[in-house]
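So the structure is just underneath, and the comments pick up after that.
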Amino acid sequence: MAETPADNQEHRTTPGEAAAAAAHPGSAQAAMSRQKLLTGATVGLGALMSVIIAVPVTVAVLAPSFKTIKEFSIDIGPATLYPAAKSGEIPWHAVTFESRPDDLSGLSRRLVYVRNDGNQKFTAIANTCMHLGCPVQANATGFACPCHGGQYDSQGRRIAGPPVRPLNRYETSINDKGHLVLGQLYAMDDSLKRHQLKGPGQPVDGILSYLYPDAPQG
Amino acid sequence: MPRTRPTAKELVVDAPLEWVEERTGFVGLVESFLFRKVPGDTSWLQTLGSSLLTVFLLQATTGVILAMSYHPDPGSAYESIRYITDQETLGWLVRGMHKWGSSVMVILLFLHMARTFVFGAYKYPRELTWVTGGLLFIMVMAMSFTGYLLVWDQRAYWATVVGVNINGTGPIVGPYLANFFKAGPVFGDQTLSRFYSLHMLVIPGGIFTFIFIHMWLVVRLGVTSPPWSRQRYDEAAAREAVESSR
Chain Z
2 MAETPADNQE HRTTPGEAAA AAAHPGSAQA AMSRQKLLTG ATVGLGALMS VIIAVPVTVA
62 VLAPSFKTIK EFSIDIGPAT LYPAAKSGEI PWHAVTFESR PDDLSGLSRR LVYVRNDGNQ
122 KFTAIANTCM HLGCPVQANA TGFACPCHGG QYDSQGRRIA GPPVRPLNRY ETSINDKGHL
182 VLGQLYAMDD SLKRHQLKGP GQPVDGILSY LYPDAPQG
Chain A
387 MPRTRPTAKE LVVDAPLEWV EERTGFVGLV ESFLFRKVPG DTSWLQTLGS SLLTVFLLQA
447 TTGVILAMSY HPDPGSAYES IRYITDQETL GWLVRGMHKW GSSVMVILLF LHMARTFVFG
507 AYKYPRELTW VTGGLLFIMV MAMSFTGYLL VWDQRAYWAT VVGVNINGTG PIVGPYLANF
567 FKAGPVFGDQ TLSRFYSLHM LVIPGGIFTF IFIHMWLVVR LGVTSPPWSR QRYDEAAARE
627 AVESSR
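So the sequences go chain by chain: Z and A.
Quick note, in the numbering used here, the first sequence goes up one by one and the last residue is 219.
Quick note, in the numbering used here, the second sequence goes up one by one and the last residue is 632.
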């Protein structure tokens, strides 16, 4: 490519040259400052357009990270469906329900273990393992997870394996029709104290809990 | 000098290539890529990188074909996979190549990286070749992770639940990263389409880009001799070669 004389020169303008350029349009100095202006305009406009495209794209991609959980009250039918167990029986009733009534894909289907504690009191334990989220199964002593061998006692507290905290629970209430209603899902610590919900594998008490921002709830 | 008739080769091969070369310079580019000088003691171990490139192109090609019949929708994803496997002409073969090719790619990647490490080929002036290779490694892992869910059977679903929750146990950013993958606080129908988009658009774009940079650096900096090489290494000459290639 043939080089124009201007290509070889340093593109630096002193105030004197700038003044000369203004005084003599069409001179070498004027051409250089025009080149600088066009370079700046190209880079500047390019940067501006990139930002205009990048900001909405980034926001749209990252927004779901900060979405909140929509909680629904779930009516799981007459409380009489869940009688107290006779001694020696597994006390848990396995109940499946749709956690989002508007979702028909089956992905929001959840399983909860319901136990009748007598006097219209119920315990509802979610089947999500607190190691990494596999489904646990009720057994004679409590719960067991098939994925990595987590074991829980009859209160959902960890007794063996990798889970970091007890199983989550649902609030329970009886409505005016005598139906058992599941409310908000919440986390538990080992002394069965209630905590804000966090993801599986994330401790809710102790120093390590500060490493995991609470899952935003709505 | 009497004009001679052009031979068939000149007419069919040389003349079109010359025409293209004059207008694009592609022929010279391809020649300088293929006919590079390499150390005399280069061995089969140095072919792992080109094997990886071949497997990547296989994955890209079979992936495009699979994408023609796959439905990234929770209601029909599994059925579309069954259709590809059982109904489509040679669909079982294309899907099988993609499935086994993914394992082959990961295995070759580890071997290629081990070879580079053991040969000390990451040292000056090839640090950035190693760094871009490291980024490619992460992207291939991300491909394995996102591709696994797309089969949408019980194993795919629960393995991905576990994988996403492993991401969730990362300190501070973990929970947000998990929600990023799930496209929200819980697994939903957006999760599958997000994984599909990451698997077939976002990450392959990154892999193509970084393979280009990686290979640009390989061609520019040349191939390393093995550590047991008897060819004397002249650092001054090597630096000069790098300088003069600028």
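Ideal placement from N, C-alpha and C gives every residue a C-beta, glycine not left out.
Answer with buried or exposed for residue i, where buried requires no fewer than 16 other C-beta atoms within 10 angstroms of its C-beta.
i: residue 557 of chain A; result: exposed
i: residue 100 of chain Z; result: buried
i: residue 123 of chain Z; result: buried
i: residue 41 of chain Z; result: exposed
i: residue 133 of chain Z; result: buried
i: residue 164 of chain Z; result: buried
i: residue 208 of chain Z; result: exposed
i: residue 2 of chain Z; result: Unreliable placement is indicated for residue 2 of chain Z, whose pLDDT of 43 sits below 50; the coordinate value is still reported in the next sentence. Classification for residue 2 of chain Z: exposed.
i: residue 140 of chain Z; result: exposed
i: residue 421 of chain A; result: exposed
i: residue 394 of chain A; result: exposed
i: residue 561 of chain A; result: buried
i: residue 625 of chain A; result: exposed
i: residue 88 of chain Z; result: exposed
i: residue 547 of chain A; result: buried
Considering only residues of the same chain and omitting the five flanking positions on each side of residue i, which have a CB-CB separation below 7 Å?
i: residue 582 of chain A; result: 458, 536
i: residue 638 of chain A; result: Past the boundaries of the shown model lies residue 638 of chain A; chain A is included only from 387 to 632, so the question cannot be answered.
i: residue 609 of chain A; result: 424, 425, 428, 432
Checking contacts by CB at 7 Å: is residue i closer than that to chain D?
i: residue 613 of chain A; result: Among the protein chains of the structure shown, namely Z and A, there is no chain D.
Could you tell me which residues DSSP puts in a beta bridge with residue i?
i: residue 129 of chain Z; result: Z:136
i: residue 117 of chain Z; result: Z:123
i: residue 180 of chain Z; result: Z:79
i: residue 496 of chain A; result: In the DSSP output, where bridge partners are listed per residue, residue 496 of chain A has none listed.
i: residue 174 of chain Z; result: Z:182
i: residue 188 of chain Z; result: Z:196
i: residue 153 of chain Z; result: Z:144, Z:159
i: residue 112 of chain Z; result: Z:97
Go through its chain and collect everything with a Cβ distance to residue i's Cβ below 6 Å, but skip five positions before and after it.
i: residue 154 of chain Z; result: 143, 160
i: residue 162 of chain Z; result: 150, 151, 152
i: residue 431 of chain A; result: 501
i: residue 627 of chain A; result: none
If we define contact as Cβ-Cβ less than 7 Å, is residue i a contact residue for chain A?
i: residue 214 of chain Z; result: yes
i: residue 208 of chain Z; result: no
i: residue 66 of chain Z; result: yes
i: residue 193 of chain Z; result: no
i: residue 201 of chain Z; result: yes
i: residue 70 of chain Z; result: yes
i: residue 51 of chain Z; result: no
i: residue 134 of chain Z; result: yes
i: residue 74 of chain Z; result: no
i: residue 108 of chain Z; result: yes
Quick one: does residue i have its CB under 7 Å from some CB of chain Z?
i: residue 555 of chain A; result: yes
i: residue 588 of chain A; result: no
i: residue 414 of chain A; result: no
i: residue 523 of chain A; result: no
i: residue 421 of chain A; result: no
i: residue 567 of chain A; result: no
i: residue 547 of chain A; result: yes
i: residue 562 of chain A; result: yes
i: residue 571 of chain A; result: yes
i: residue 460 of chain A; result: yes
i: residue 575 of chain A; result: yes
Tell me which same chain residues have a C-beta within less than 8 Å of the C-beta of residue i, skipping the five on either side of it?
i: residue 392 of chain A; result: 401
i: residue 77 of chain Z; result: 96, 98, 113, 115, 180, 181, 182, 183
i: residue 589 of chain A; result: 525, 528, 529, 532
Should residue i be counted as a contact of the ligand NAP given a C-beta to heavy atom distance under 6 Å?
i: residue 568 of chain A; result: As far as ligands go, the structure on display features none, and thus does not contain the ligand NAP.
Practice task
Flag this pair as touching only if the stretch 175 to 184 of chain Z and the stretch 198 to 210 of chain Z have three or more C-beta atom pairs under 8 Å; answer yes or no.
Solution key: no
Exercise for the section: Flag this pair as touching only if the stretch 480 to 494 of chain A and the stretch 448 to 456 of chain A have three or more C-beta atom pairs under 8 Å; answer yes or no. Expected result: The stretch 480 to 494 of chain A is in contact with the stretch 448 to 456 of chain A.
Exercise for the section: Check whether the stretch 511 to 526 of chain A touches the stretch 536 to 556 of chain A, taking contact to mean three or more Cβ pairs, one atom from each stretch, closer than 8 Å. Expected result: no
Problem - Segment contact, 8 Å Cβ cut-off, at least three pairs: the stretch 77 to 89 of chain Z with the stretch 98 to 118 of chain Z - result: yes
Practice task
Count the CB pairs spanning the stretch 562 to 571 of chain A and the stretch 61 to 78 of chain Z that are closer than 8 Å, and state whether there are at least three.
Solution key: Taking 8 Å as the limit for Cβ pairs, the verdict is that the stretch 61 to 78 of chain Z does touch the stretch 562 to 571 of chain A.
Exercise for the section: May I ask you to verify whether the stretch 592 to 603 of chain A touches the stretch 463 to 470 of chain A, counting CB pairs closer than 8 Å and requiring at least 3? Expected result: no
Handout entry: Three CB pairs or more closer than 8 Å across the stretch 480 to 499 of chain A and the stretch 430 to 448 of chain A
Key = Judged by Cβ distances under 8 Å, the stretch 480 to 499 of chain A makes contact with the stretch 430 to 448 of chain A, as three or more pairs qualify.
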